[in-house]
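Colleague: Same order as they appear, the protein sequences are chains A and B.
All residue numbers for the first sequence refer to this note's numbering, where the first residue is 7 and numbers rise by one.
All residue numbers for the second sequence refer to this note's numbering, where the first residue is 12 and numbers rise by one.
Backbone N, C-alpha and C fix where the C-beta goes; we use that ideal spot for every residue, glycine too.
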Amino acid sequence: GENVEQHPSTLSVQEGDSAVIKCTYSDSASNYFPWYKQELGKRPQLIIDIRSNVGEKKDQRIAVTLNKTAKHFSLHITETQPEDSAVYFCAASLNGQNFVFGPGTRLSVLP
Amino acid sequence: GAGVSQSPRYKVAKRGQDVALRCDPISGHVSLFWYQQALGQGPEFLTYFQNEAQLDKSGLPSDRFFAERPEGSVSTLKIQRTQQEDSAVYLCASSLSRDRAGYTFGSGTRLTVV
Chain A
7 GENVEQHPST LSVQEGDSAV IKCTYSDSAS NYFPWYKQEL GKRPQLIIDI
57 RSNVGEKKDQ RIAVTLNKTA KHFSLHITET QPEDSAVYFC AASLNGQNFV
107 FGPGTRLSVL P
Chain B
12 GAGVSQSPRY KVAKRGQDVA LRCDPISGHV SLFWYQQALG QGPEFLTYFQ
62 NEAQLDKSGL PSDRFFAERP EGSVSTLKIQ RTQQEDSAVY LCASSLSRDR
112 AGYTFGSGTR LTVV
């Protein structure tokens, strides 16, 4: 079955700096890769996603890159703000069905 | 409603007690998923419904876990004879169609077994 690893487990950056979180997956059949942001005690919220036919996708300060050959994908947040502080989860799936999540990255943006 | 609604928000159960967790998906959403999220971990898949059909229950950890969606809308996750290791947040998610990606999560039910 699919296995998703995520690094780093914690990340602290200064406000205004960039943050990068990396994930790897094991099943080459996976073709959909969402990223979720979860604030303490709240629901996971989709922030960006990418399909396997695309190498990069950007939405304002957030971007995701995908390397199918290496089976890894990354989340990039630029100009970080304190409200970006949260736990971020990557996931991999086949056709947007059952997601296999990574263990999460706790991002702290220091003012 | 505007989002996925789960109840109760919190549940404390004594070990051995049966519990039932409810999920009201977004109206019209065909697909419904249940996930279990242990403290400090990512969500783990439990089961998946398309309308009333339970198409995948491979993630249910034991036969004490049972889920249903009899009319293709509201779903109930039942845990019999709860154990301490069942303590977790149980998340429900729904999506418009089988292949629609990026589904919407509910706020979850935090189950604590004492």
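Considering only residues of the same chain and omitting the five flanking positions on each side of Ala49 of chain B, which have a CB-CB separation below 6 Å?
Modeller: Hits under 6 Å: Ala99.
Colleague: Please confirm whether Phe44 of chain B has its beta-carbon closer than 9 Å to some beta-carbon of chain A.
Modeller: By this cut-off, Phe44 of chain B is an interface position.
Colleague: Distance check for Asp67 of chain B and Ala31 of chain B, CA to CA, integer angstroms please.
Modeller: If I take the Cα positions, the gap works out to 20 Å.
Colleague: Of all Cβ atoms in chain A, is any one closer than 9 Å to the Cβ of Ser118 of chain B?
Modeller: With 9 Å as the cut-off, Ser118 of chain B counts as an interface residue toward chain A.
Colleague: For chain B, find out if any of its Cβ atoms is closer than 9 Å to the Cβ of Tyr31 of chain A; answer yes or no.
Modeller: For Tyr31 of chain A, the answer is no, since every Cβ of chain B falls outside 9 Å of its Cβ.
Colleague: Is there at least one Cβ from chain A nearer than 9 Å to Gly70 of chain B's Cβ?
Modeller: Taking Cβ atoms only, chain A reaches closer than 9 Å to Gly70 of chain B, which makes this a yes.
Colleague: Going by Cα to Cα distance, which pick from B:Gln52, B:Pro54, B:Glu96, B:Tyr101 is closest to Ser86 of chain B?
Modeller: Looking at the Cα atoms, B:Tyr101 is the closest of the given residues.
Colleague: When the cut-off is 9 Å and only beta carbons count, does Arg49 of chain A lie next to chain B?
Modeller: Closer than 9 Å to some Cβ of chain B, the Cβ of Arg49 of chain A qualifies, so yes.
Colleague: Cβ of Thr123 of chain B less than 9 Å from any chain A Cβ?
Modeller: No - not a single Cβ of chain A is within 9 Å of the one on Thr123 of chain B.
Colleague: Please state the DSSP three-state secondary structure of Glu82 of chain B.
Modeller: Coil.
Colleague: Which of the residues in the segment 62-89 of chain B, read from start to end, lie with their CB under 7 Å from any CB of chain A?
Modeller: Taking 7 Å as the Cβ-Cβ cut-off against chain A, the residues of the segment 62-89 of chain B that qualify are Asp67.
Colleague: Taking 8 Å as the line, does the beta carbon of His82 of chain A fall inside it for any heavy atom of the ligand GTP?
Modeller: Ligands are entirely absent from the displayed structure, and the ligand GTP is therefore not among its contents.
Colleague: Kindly provide the ranges of any beta strand (DSSP E) runs that are 3 or more residues long and lie completely inside the segment 15-88 of chain B, ordered along the chain.
Modeller: As far as the segment 15-88 of chain B is concerned, its whole beta strand (DSSP E) runs of at least 3 residues are 16-18, 21-24, 30-35, 42-48, 55-61, 64-67, 76-79.
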